[in-house]
Structures are given as C-alpha cells and as structure tokens.
Amino acid sequence: METTEKDILRGGQFLVKETKCEDVFTLEDLNEEQKMMRESTKEFVDRELWAHWERFEKKDYAYTEECMRKAGELGLLSVAVPEAYGGMGMGFVSTMLVCDYISGATGSFSTAFGAHTGIGTMPITLYGTEEQKQKYVPKLATGEWFGAYCLTEPGAGSDANSGKTKAVLSDDGKYYSITGQKMWISNAGFCNLFIVFARIEDDKNITGFIVENDPKNGISLGDEEKKLGIHSSSTRQVFFNETKVPVENMLSEKGNGFKIAMNALNIGRIKLAAACLEAQRRVISEATKYANERVQFKTPIINFGAIKAKIADMATNAYVDEAACYRAAKNIEDRIAIRESSGNPHQEAELKGVEEYAIECSILKVAVSEHVQHTTDEGIQIFGGMGFSADTPMESAWRDARISRIYEGTNEINRMLSVGMLVKKAMKGHVDLLGPATKVGEELMGIPSFDTPDYSELLSEEKDLLTRLKKVFLMVAGSAVQKFGPDLEEHQMLLMAASDILIQIYMAESAILRTEKNAKRFGEEAQAAQIAMSKLYLYRAVDIIQQKGKEAIVSFAEGDEQRMMLMGLKRFTKYTNQPNVVELRTQIADKVAADNGYTFD
Numbered sequence: 001m002e003t004t005e006k007d008i009l010r011g012g013q014f015l016v017k018e019t020k021c022e023d024v025f026t027l028e029d030l031n032e033e034q035k036m037m038r039e040s041t042k043e044f045v046d047r048e049l050w051a052h053w054e055r056f057e058k059k060d061y062a063y064t065e066e067c068m069r070k071a072g073e074l075g076l077l078s079v080a081v082p083e084a085y086g087g088m089g090m091g092f093v094s095t096m097l098v099c100d101y102i103s104g105a106t107g108s109f110s111t112a113f114g115a116h117t118g119i120g121t122m123p124i125t126l127y128g129t130e131e132q133k134q135k136y137v138p139k140l141a142t143g144e145w146f147g148a149y150c151l152t153e154p155g156a157g158s159d160a161n162s163g164k165t166k167a168v169l170s171d172d173g174k175y176y177s178i179t180g181q182k183m184w185i186s187n188a189g190f191c192n193l194f195i196v197f198a199r200i201e202d203d204k205n206i207t208g209f210i211v212e213n214d215p216k217n218g219i220s221l222g223d224e225e226k227k228l229g230i231h232s233s234s235t236r237q238v239f240f241n242e243t244k245v246p247v248e249n250m251l252s253e254k255g256n257g258f259k260i261a262m263n264a265l266n267i268g269r270i271k272l273a274a275a276c277l278e279a280q281r282r283v284i285s286e287a288t289k290y291a292n293e294r295v296q297f298k299t300p301i302i303n304f305g306a307i308k309a310k311i312a313d314m315a316t317n318a319y320v321d322e323a324a325c326y327r328a329a330k331n332i333e334d335r336i337a338i339r340e341s342s343g344n345p346h347q348e349a350e351l352k353g354v355e356e357y358a359i360e361c362s363i364l365k366v367a368v369s370e371h372v373q374h375t376t377d378e379g380i381q382i383f384g385g386m387g388f389s390a391d392t393p394m395e396s397a398w399r400d401a402r403i404s405r406i407y408e409g410t411n412e413i414n415r416m417l418s419v420g421m422l423v424k425k426a427m428k429g430h431v432d433l434l435g436p437a438t439k440v441g442e443e444l445m446g447i448p449s450f451d452t453p454d455y456s457e458l459l460s461e462e463k464d465l466l467t468r469l470k471k472v473f474l475m476v477a478g479s480a481v482q483k484f485g486p487d488l489e490e491h492q493m494l495l496m497a498a499s500d501i502l503i504q505i506y507m508a509e510s511a512i513l514r515t516e517k518n519a520k521r522f523g524e525e526a527q528a529a530q531i532a533m534s535k536l537y538l539y540r541a542v543d544i545i546q547q548k549g550k551e552a553i554v555s556f557a558e559g560d561e562q563r564m565m566l567m568g569l570k571r572f573t574k575y576t577n578q579p580n581v582v583e584l585r586t587q588i589a590d591k592v593a594a595d596n597g598y599t600f601d
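As numbered in the UniProt record's numbering, residues 1 to 601 make up the sequence shown, in order.
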C-alpha cells in the first residue's frame, strides 16, 4: 500500500492527533534485506571492533582508521549515499539500522563512522552541485577518502552562527582565502576533506565550503585532544591560514551555511540516538551474563531484587528507545517518498523529510543519550568493583556514553529546541496547538466525569492516560505561550520543564504503540515482557510529568489559575488501576535473565 500524505502525521502532530498502532513502524517490521544488513553489520562489529575493544582504549587511532577502511570495503559507509554516486541508496530506516548496529562496541569507532557518513558526507549529497557530488561523494562512499566537519570554534559552540573564521574573495574572483581556527574536529587526524563554515565579509550568516586537506595549502592540525572517552576517535583543532578554496567549492549559496549546519544536525541527532541503541543492548547483555554467573551469599546475584530492578529499568529504556527511534525513522522515510513521488529531487525530498521531524529528532537525541548514560552507569554497578576496572568494558562504555549528551547540540539546547520548534509550527499553522489547548482550558472549568471507564482491552488504560498526559502539556505550554508570547524562549527553565513532559509523552506512546501492534500480531502471551516494559515506562513517565508539570505551574501561575491547573494536573495524571511496579520489574528481569541478555530486538 502506498503511503499517502494524509496517512502520516506531520512532525509534532503526535501531540494533538491519535496515532494508530498499525501506522507505526517497529523493529519487528524489518524486511529480509534489512535483517541481512543487520546481521552483516553485527558480524563486522563482533569481528573487528568488539573483539579488540581494548585497542580503542589505548588511543590506537590507526586501528580506528583501519576499521573505517574495512567498513568502506564492505559498503557500510555508503548505505545513505545515492546509487548515482557509488552508494547503496538505501532508505532512511536501513541507514538508521546500520548506524544503530555498527555503534555498539566502542564510541571511538561510532564517532568516526557518524562524523564521516553523516556530517562529513551528507552536506555534499544534500547541498552539493552535480559536479561536487560526482567529484567527492564516490570517494567518500567507498572509504577511499574520509570526511570531517569544521563548525565549532573556541568562541562558537552552541551559538554556531557566531564563528569568526573568515573567507575573503580573491581579486580575480577565482578563489576564497579561508583563515580561522576550528576545534573538536572528529576525524581531523586522517581525513582528506573538510566541510568548513566561514563568514564572508560581514554576512549575517556563515557559508559552507568543501576544503581538501592539503597541509601545503595553509592547513595545520593541533595535537590529539586528551578526552574523557572516545579515546581512539581522532579529535583535533584545525587551523586555516589563508587556505585557498576555489569558488566552485562553495557549498550551496553564500550565507546558507547556518541552514546547512542546522539541517545536518537534524539528521545527526536522530542518527546519534540510533547510535546509542546497540550500546545499551550490549551493556544489558554483558551485565546480565555477569549477574547470572556472579555468586554471592550462595546465589547468583541476578536473583536479588536490587539487581532485578536495575536490569528491568535498563531493558525498558532500550526497548522504548528502539520503538521511538524506528517510529520516527519510518515517518521520515515515508515523508521523503511522498515528496519524491510528487516530483521533488532526492536532495530536496530528504532535506525536507528530515526537517519535518526536527522536533522528534531533538526528543530522541535527548532521551536516548540520557538512557545510555544511565544504562552504562548501572552496568558498572552490577559488575561492582570489576565494573570500575578498565579490564572490563563497562568503564569505557560509561566514559564513551558521556559525550552523547554534548555533541550534535547539547541536551539543554535540544530540550529548548523541541518546544521552541513546536510553538513555531503552531504559529505557522502546521500543528494546531491552540484549538486543543483551548479545549483543555474549557475542560478544566467543567465538571469531571466520575464514570468508571471500561479498560478490558489490552493497554486501554495506558492509552487513555497518554491522551490525558498530552493535555498536561497543552495546559502548561498553552498557558505559558499565552502569558509570555514570543518572549517564552527567554524563560529557559519553563521550556526545560515543558520539554521533559513532551519527551516522556513521545517515548511512552512509541513503546505502547509498538507493543500493541505486536500483541495483535504475535499474541499477548508472546509479548508479556514487552507489555510489562510499556507499563513500567509509562508509570515512570507519569512521575516525571507530575513533577515537571507542578514545577512549571507553581512558577508561572498564581491564585485561582494556579489552583485550577494543579487540580488539572492531578486529574490528568491519575491512574484508575495503579500498576504493581515490583511485579512488572520482576517479570521483565526474569525474561532478560532467562535469555541471558537483551533479546527484544
């Protein structure tokens, strides 16, 4: 069945429109080709990366480069590259899949892979001229050349458009002369090509350039940075001193660099979320194996409730993250297909497809990067003293996870972006927030229903609760927009609270829809642990939403309005039947323990 525009929600509409479980894509929907792709990726990781994880901890940059070349030979660097330029031209879901499963063994390799295939190659495939694409992309697709991305400067981090690097046009108009300093450049030590952002004269916005890495052309590198994690990811400063770049190497048009940077980051964000999935699965599996084997007080420690709680929470996060990541990836893929079928060229279709779901990309980046940090932390705890030792991979997994909350836009920036973009979409009429928010306001003034709903159908209470959690967001965000209007972005603490509500809704809903779809397909019994994980995550989400909702309400509302909204918060977050949390955790942990690892993918 061909997907039509009316069938798929626009970005951000999950808040105000119902999504049917049949309309979400899950890992269980992978086709045979995708499953084979996943298996070959896992084989490569087990053989080349996981078997040698200690080499990555010893700053073996040459080994990272060697593994990147091998990935290139296997075609793994070319999945997102169109066939016309020597790539596999795979759909967005397949590119997510490779990014997911190639990233689980070490953050050093996954950073090199992400920097090359994403921000190192993608700006050319999406914004390059035909000549630029023909010249550079085939080399990048095979791994003959490697790419890097030069945006950040000592004075320009989150405020990416404030860079000081200059590009001056030569008198004969044939080339630009680039001078400036870039920092935290992944792959700098072995790349052949930089995507460089510089300012022409006093332009308001920066401009993108494709710059070949030639030391004789005024390009020099700083030493390898000493970092907390991702030890074998080459990260250096790059200095440009009157580096000559032909005018035909300008990327897109003058002043378009900020737009290129932001759109590259949208794709980078959802891919970064994918890159944190397999790391979670592997940590859970290693921790479970250890807990099954480690005997204390004459019993394997997996039998203790304190350990079960950890395993259950870790598995739940991973399952939810998978659900949300692949749901959004398929939405993007479908949106790209719709645009292509209506005559858009692939470049434009992909750009607009990802841009449409920029809100979801920011949500995923925040949620999954925080979950992988929590999972690696608990992995260390389950290993106990051994977890703190560099002889087991838990310690390096924890250090590697830490960067994921910083790069591709810090989690603070992404939290504010998710709500900010949603409000902008509402202003443009792309998502109707005002109508539903007004209805919630009227509902608060009305008399609540005291009927006991019929919750006999699987997950029906959870879905009803989700509908009400969306009302919490509409109530809080709607009132905040009314109160502060365009000045809302200056109230960062409120935005952060609202974004946490938004994030929990999207993640919890994605898990519930995945489970409902699979329970209908495979039967409830086969999905018992997945049902438990969906219920457990929602229970935790409700707690967060109560806390963040209250924090926002007491901070910007007072008197009757405050009382009314606090009553609404209580009403909208109320369970009719509270879940038995200990029972849910036990059920999940027992399944993971019996399987000796994470097996829900």
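Think of the CB as a built atom: it goes at the ideal place given N, C-alpha and C, for glycine as much as any other residue.
About 5 Å separates the beta carbons of M416 and L495, which is inside the 8 Å limit, making them a contact pair. L513 is not a Cβ neighbour of Q546, given a cutoff of 9 Å. At the C-beta level, E242 and T207 stay beyond 9 Å of one another.
Per DSSP, L27 lies in no alpha helix (DSSP H) segment and is marked neither H nor E.
In the three-state reduction of the DSSP assignment, P300 falls in the strand class, which pools E and B. R281 sits in a helix when the DSSP states are folded into three classes.
In the DSSP annotation of this structure, the continuous segment of the beta strand (DSSP E) that includes F239 starts and ends at T235 to P246.
Taking C-alpha positions only, A437 is separated from G343 by approximately 36 Å.
One thing to note: Y319 has its Cβ within 9 Å of the Cβ of M533.
When the alpha-carbon of Q181 is set against those of N192, N205 and G218, the nearest one is in G218. N249 counts as buried, since at least 16 other C-beta atoms from the protein chains shown sit within 10 angstroms of its C-beta.
Between the segment 366-378 and the segment 190-200, the count of C-beta pairs closer than 8 Å stays below three; the two stretches do not touch. Cβ contact annotation for L458 (same chain, cutoff 8 Å, sequence separation greater than five): E516, A519, E524 and I531, in chain order. Comparing alpha carbon positions, the residue from S479, P579 and P486 closest to F556 is S479. Just measuring C-alpha positions, the residue of P123, W398 and K424 sitting nearest I260 is P123. Using a Cβ distance threshold of 9 Å, C150 and A273 do not count as a contacting pair. Rounded to whole angstroms, F297 and R585 show a C-alpha spacing of 22 Å. Here G478 carries a helix assignment [DSSP, helix/strand/coil]. Distances from the alpha-carbon of G157 to those of M567, Y407, E442 and K352 put Y407 closest. Three or more pairs of CB atoms, one per stretch, sit closer than 8 Å, so the segment 218-237 contacts the segment 106-113. Between Q132 and L30, the C-beta spacing is not below 9 Å.
Collapsing the DSSP output to three states places K483 in a helix. For G143, the closest alpha carbon among the candidates T179, T125 and G75 is that of G75.
By the Cβ criterion, the segment 452-471 is in contact with the segment 576-593, since at least three pairs of Cβ atoms, one from each stretch, lie closer than 8 Å.
Close CB contacts of L434 within its chain, under the 8 Å cut and outside five residues either way in sequence, are with A426 and G478 (chain order). For L221, no alpha helix (DSSP H) segment is defined; the enclosing uninterrupted segment is the beta strand (DSSP E) at I219 to L221.
Assignment of beta-bridge partners to Y176 by DSSP yields L169 and V245. The beta-carbon distance between M37 and L77, rounded to whole angstroms, is 14 Å. This is too long to meet the 8 Å contact definition. Closest in alpha carbon position to T121, among I505, L49, A148 and A306, is A148.
Counting only runs of at least 4 residues, the segment 492-524 fully encloses the following alpha helix (DSSP H) elements, listed from N- to C-terminal order: 492-522. In this structure K548 is not in contact with L15, their Cβ atoms being roughly 16 Å apart against a cut-off of 8 Å. Taking all protein chains shown into account, A71 has 16 or more neighbouring C-beta atoms within 10 Å of its C-beta and is therefore buried. Counting of Cβ neighbours within 10 angstroms places G409 among the buried residues, the total reaching 16 or more. For F146, the three-state secondary structure derived from DSSP is coil. Counted as a single uninterrupted DSSP element, the beta strand (DSSP E) harbouring E212 occupies residues T207 to E212.
C276 is positioned such that its CB atom lies no closer than 9 Å to that of V354.
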